[in-house]
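The block underneath contains the structure these notes are about, expressed in structure tokens.
Protein chains: 2
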Amino acid sequence: MTEEKYFIGVDLGGTNIKAVAMNREGKIFHQQNIPTESEKGPLPVIDKLVLLIESVRRKKDVTRRSLGAIGVAVAGAVDMKQGICRFLTNFPTKWKGIPLASRIKERTGCTSFLINDVRAITLAEKTFGAGRKVKNLVCIALGTGIGGGIVIDGKLHFGSKGFAGEIGHQTISMDGPKCGCGNYGCFEALASGSNIASQAIRFIKQGRSTMIRDLVEGDLNRITPEVVAKAARQGDEVAREIWEKEACYVGIGIANLVVSLDPEMVIIGGGIAKAADLLFEGIKKELSRRVYVDPDVSRLKIVKSEFGDIAGAVGAATWAMMNVF
Amino acid sequence: MTEEKYFIGVDLGGTNIKAVAMNREGKIFHQQNIPTESEKGPLPVIDKLVLLIESVRRKKDVTRRSLGAIGVAVAGAVDMKQGICRFLTNFPTKWKGIPLASRIKERTGCTSFLINDVRAITLAEKTFGAGRKVKNLVCIALGTGIGGGIVIDGKLHFGSKGFAGEIGHQTISMDGPKCGCGNYGCFEALASGSNIASQAIRFIKQGRSTMIRDLVEGDLNRITPEVVAKAARQGDEVAREIWEKEACYVGIGIANLVVSLDPEMVIIGGGIAKAADLLFEGIKKELSRRVYVDPDVSRLKIVKSEFGDIAGAVGAATWAMMNVF
Numbered sequence: 000m001t002e003e004k005y006f007i008g009v010d011l012g013g014t015n016i017k018a019v020a021m022n023r024e025g026k027i028f029h030q031q032n033i034p035t036e037s038e039k040g041p042l043p044v045i046d047k048l049v050l051l052i053e054s055v056r057r058k059k060d061v062t063r064r065s066l067g068a069i070g071v072a073v074a075g076a077v078d079m080k081q082g083i084c085r086f087l088t089n090f091p092t093k094w095k096g097i098p099l100a101s102r103i104k105e106r107t108g109c110t111s112f113l114i115n116d117v118r119a120i121t122l123a124e125k126t127f128g129a130g131r132k133v134k135n136l137v138c139i140a141l142g143t144g145i146g147g148g149i150v151i152d153g154k155l156h157f158g159s160k161g162f163a164g165e166i167g168h169q170t171i172s173m174d175g176p177k178c179g180c181g182n183y184g185c186f187e188a189l190a191s192g193s194n195i196a197s198q199a200i201r202f203i204k205q206g207r208s209t210m211i212r213d214l215v216e217g218d219l220n221r222i223t224p225e226v227v228a229k230a231a232r233q234g235d236e237v238a239r240e241i242w243e244k245e246a247c248y249v250g251i252g253i254a255n256l257v258v259s260l261d262p263e264m265v266i267i268g269g270g271i272a273k274a275a276d277l278l279f280e281g282i283k284k285e286l287s288r289r290v291y292v293d294p295d296v297s298r299l300k301i302v303k304s305e306f307g308d309i310a311g312a313v314g315a316a317t318w319a320m321m322n323v324f
Numbered sequence: 000m001t002e003e004k005y006f007i008g009v010d011l012g013g014t015n016i017k018a019v020a021m022n023r024e025g026k027i028f029h030q031q032n033i034p035t036e037s038e039k040g041p042l043p044v045i046d047k048l049v050l051l052i053e054s055v056r057r058k059k060d061v062t063r064r065s066l067g068a069i070g071v072a073v074a075g076a077v078d079m080k081q082g083i084c085r086f087l088t089n090f091p092t093k094w095k096g097i098p099l100a101s102r103i104k105e106r107t108g109c110t111s112f113l114i115n116d117v118r119a120i121t122l123a124e125k126t127f128g129a130g131r132k133v134k135n136l137v138c139i140a141l142g143t144g145i146g147g148g149i150v151i152d153g154k155l156h157f158g159s160k161g162f163a164g165e166i167g168h169q170t171i172s173m174d175g176p177k178c179g180c181g182n183y184g185c186f187e188a189l190a191s192g193s194n195i196a197s198q199a200i201r202f203i204k205q206g207r208s209t210m211i212r213d214l215v216e217g218d219l220n221r222i223t224p225e226v227v228a229k230a231a232r233q234g235d236e237v238a239r240e241i242w243e244k245e246a247c248y249v250g251i252g253i254a255n256l257v258v259s260l261d262p263e264m265v266i267i268g269g270g271i272a273k274a275a276d277l278l279f280e281g282i283k284k285e286l287s288r289r290v291y292v293d294p295d296v297s298r299l300k301i302v303k304s305e306f307g308d309i310a311g312a313v314g315a316a317t318w319a320m321m322n323v324f
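Just so you know, the sequences run in chain order A and B.
Sequential numbering from 0 applies to the first sequence in numbering that gives the first Met the number 0.
Sequential numbering from 0 applies to the second sequence in numbering that gives the first Met the number 0.
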């Protein structure tokens, strides 16, 4: 009888590094997190990443099996074939061109495979999560930035150069605000998590009365999407207005993907997905307003990511698994 | 030796019905056009369509082979499985729900298959035209309306309900002008052929000096994209301004597909593609302005449809061929 293999998936984020150990059926044996401290630069972060991998590997329930491969999900552009981080979002510029896969191989003795974090989330949801029974779907990660993944005929679509799914940078308002990428009126420039906080600050500075100010004890730098969500759930008018607008923007971004790709399901992940209760109705309303090519668009399945915070790590493990099959 | 089969492809447009006879290698033996006269209603149009098919069939060079199947491309929504025209754009409303495939079978004795016209163009270009060596591409038909077709991993993507490719109805300007579909700020609402004429009329009414007025001898109803293109090629400033704006809108529409799908090639068809000389440079400029996720976007292959006016009919024949294989 051949020994059952397991896979380690690591999600290298700007704030935390998350790792899971998983078998081929998607059963998660173990999960562990550590802070990234990306300001220390690539070498210390790679050290931490390797320590996390070794720590997961040492766990008793895992070592009875043998490690098949390691997957690493990163927020940014990766060269998947060569295992190089081309550019990491929210990391110091020193991260350009780091051969992360070979570094991990040197240090752990195990082959590793890189993938963009949102493509990893999509893979996790498609293979073991909300989309496991669906052949055509779009996954959207709403967070500090906005990314996506597109599954066509059961297969994650990477595109000709590997960046397919960068849906946050579709233009939805051609003369709109400048985006971090350089373009104007990107979906991300209007609907990212940082926009929710900055809108709250703008309203407060305009003198609008809102409990958001009290929730952060007057310290506007502490305003986060979570705080604005808390206020909205307590009926705060300014907060509700911000979430309504957010639902409208997200609805437009989804509408554009629906008319182009006609998916069976849209999966929403990322930090902002935690405010699904404040968003989903507004998204559906906006879809009905914008998608005339599908008279039944109100019945489109829009669901939350099943893996939530660990979707990136689960997807990275899935990616490792797919590469050694 | 088995007899070589041939296929008839028909493109049922609002103005003309075009037909081609083609073999499995994409060799076109014969082509023929007649005016649609859609105002006469479905029955007379179906009569004409059947007469055209029979006329093509009678051609000496065709009848030595046997007819494999008939494909019909229509501008609008079709139920491909049931062979029903759900709704035809630019046709009287009486065309809703017409079981066109079974009508053709009754009258010609030959099985027929329906497909949306822009999906047909995409199929023609992918199989025998500009995209025959390309696995991931987007085809855009710029005409009175704007439609598209998406090829992923060598396969035309129809989507879960069959409307994938309706890229003309992606929102690029969320508070923009109303589109024929009901939405605001659609790519089509800003960049369709009818917009080119209406912009010219607007400029003339504003008192701007332009040779467009002379080219139509003062009859503004005669202004077409062709007339505006002619003026632009002769250096007319108003006309050049209109085409520059058009290139910018088309560039945004393409940019949105590039960031989402990362295609290897973009094929531009439809009547407006005849003004490629006035558009392509501006499109490339807009892509460089908007697509930051691909630093090499200036090298993206943007090409004209190879089949031009008969792309829809060739694609319909290709569709018929694919269905009887």
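Backbone N, C-alpha and C define an ideal beta-carbon position, used for all residues, glycine too.
Since the structure is predicted, the reported quantities are computational estimates derived from the model, not experimental observations.
Is it the case that the Cβ atoms of residue i and residue j are separated by a distance below 8 Å?
i                 : j                 : result
ILE103 of chain B : ILE83 of chain B  : no
MET338 of chain A : GLY67 of chain A  : In this structure chain A extends from 0 to 324, so residue 338 of chain A is not present and cannot be described.
ASN115 of chain B : VAL71 of chain B  : no
GLU305 of chain A : GLU24 of chain A  : no
VAL61 of chain B  : PHE28 of chain B  : yes
LEU189 of chain A : SER172 of chain A : yes
TYR5 of chain A   : ARG57 of chain A  : no
LEU299 of chain B : LEU286 of chain B : yes
LEU141 of chain A : ALA272 of chain A : yes
ALA129 of chain A : VAL296 of chain A : no
ALA100 of chain A : ILE52 of chain A  : no
ILE7 of chain A   : ILE69 of chain A  : yes
ILE151 of chain B : ILE151 of chain A : yes
GLY390 of chain A : SER191 of chain A : Given that chain A is displayed from residue 0 to residue 324, the structure contains no residue 390 of chain A and the question cannot be resolved.
GLY250 of chain A : GLY281 of chain A : yes
THR170 of chain A : ALA254 of chain B : yes
VAL237 of chain B : ILE211 of chain B : yes
Judging by CA-CA distance, which residue of the options is the nearest neighbour of residue i?
i                 : options                                : result
ALA228 of chain A : A:GLN169, A:HIS156, A:ALA275           : A:ALA275
GLY269 of chain A : A:ILE7, A:GLY146, A:LYS95, A:ALA315    : A:GLY146
ASP10 of chain B  : B:THR35, B:GLY128, B:PRO294, B:ASN22   : B:THR35
ASN15 of chain B  : B:GLN30, B:TYR5, B:LYS4                : B:GLN30
ILE200 of chain B : B:PRO224, B:ASN255, B:CYS247           : B:PRO224
ILE149 of chain A : B:LEU256, B:ILE52, B:ASN322            : B:LEU256
TYR291 of chain A : B:ILE33, B:GLY13, B:PHE86              : B:PHE86
ARG289 of chain B : B:GLU280, B:CYS247, B:LEU214           : B:CYS247
LEU42 of chain B  : B:ILE166, B:GLY8, B:GLU243, B:PRO91    : B:PRO91
ASP213 of chain A : A:GLN81, A:ILE33, A:ASP235, A:LYS283   : A:ASP235
SER12 of chain B  : B:LYS177, B:LYS47, B:MET21, B:ASN322   : The sequence as given places Gly at residue 12 of chain B; Ser does not occur at that position. With distances taken between Cα atoms, GLY12 of chain B lies closest to B:LYS47.
LYS39 of chain A  : A:VAL55, A:GLU216, A:TRP94, A:GLU3     : A:TRP94
PRO127 of chain A : A:ASP78, A:GLN233, A:ASN22, A:PHE324   : The sequence given here places Phe at residue 127 of chain A; Pro does not occur at that position. The residue with the shortest Cα to Cα distance from PHE127 of chain A is A:ASN22.
TRP318 of chain A : A:ASP293, A:GLY175, A:LYS80            : A:LYS80
LEU155 of chain B : B:PHE324, B:VAL323, B:GLY314           : B:GLY314
ASP78 of chain A  : A:VAL226, A:VAL323, A:LYS177, A:LEU113 : A:LEU113
From the DSSP secondary-structure annotation, give me the bridge partner or partners of residue i.
i                 : result
LYS300 of chain B : B:MET264
VAL9 of chain B   : B:ALA18, B:VAL71
LYS160 of chain A : For LYS160 of chain A, which the question treats as bridged, DSSP gives no partner whatsoever.
PHE112 of chain B : B:GLY70
TYR183 of chain B : B:LYS177
ILE139 of chain B : B:GLY147, B:ILE267
SER191 of chain A : Note: SER191 of chain A sits in no beta bridge, so no partner.
PRO34 of chain A  : A:ASN15
VAL170 of chain B : Checking the displayed sequence, the identity of residue 170 of chain B turns out to be Thr instead of Val. DSSP, once it has assigned bridges, lists B:CYS185 as partnering THR170 of chain B.
LEU155 of chain B : B:VAL150
ILE27 of chain B  : B:MET21
LYS4 of chain B   : B:SER65
Would you check if there are 3 or more beta carbon pairs closer than 8 Å linking the segment 112-132 of chain A to the segment 306-313 of chain A?
yes
Give, in chain order, every unbroken run of the beta strand (DSSP E) that is at least 3 residues long and sits entirely within the segment 50-106 of chain A.
65-73, 75-78, 83-87
Indicate whether the contact test is met: 3 or more Cβ pairs, each with one atom in the segment 153-173 of chain A and one in the segment 256-272 of chain B, closer than 8 Å.
yes
Check whether the segment 104-113 of chain A touches the segment 127-147 of chain A, counting contact only when three or more Cβ pairs, one atom from each stretch, lie closer than 8 Å.
no
Using 8 Å as the cut-off, can you tell me whether the segment 177-185 of chain A makes contact with the segment 219-233 of chain A, which would need three or more C-beta pairs spanning the two stretches below that distance?
no
Give the list of continuous alpha helix (DSSP H) stretches no shorter than 4 residues that lie fully inside the segment 217-294 of chain B.
224-232, 236-260, 275-289
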